[in-house]
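**Student:** Before I ask anything, here is the structure I am working with.
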Amino acid sequence: MKISSFLKMFFYLESSSIQDFLDSYRQYCQLLCSYISFS
């Protein structure tokens, strides 16, 4: 669990660009999930 808390700290520090990255990553995951569920 130490790694995840480190990552959280890193994300908070880098929040501006990381937030953009996470948003696009989340959209990609949603697309992938809907593709899998429909196929």
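In my numbering, each residue carries its 1-based index in the sequence shown increased by 24.
No residue lacks a Cβ here, since even glycine has one placed at the ideal position from N, Cα and C.
Whole angstroms are fine: how far does the CA of S61 sit from the CA of K26?
**Tutor:** 33 Å
**Student:** Please state whether DSSP places S63 in a helix, a strand or coil.
**Tutor:** Note: S63 maps to coil in three-state DSSP.
**Student:** For F30 and L46, what's the separation of their Cα atoms in angstroms?
**Tutor:** 16 Å
**Student:** Rounded to the nearest angstrom, what separates Q54 and D44 at their Cα positions?
**Tutor:** 16 Å
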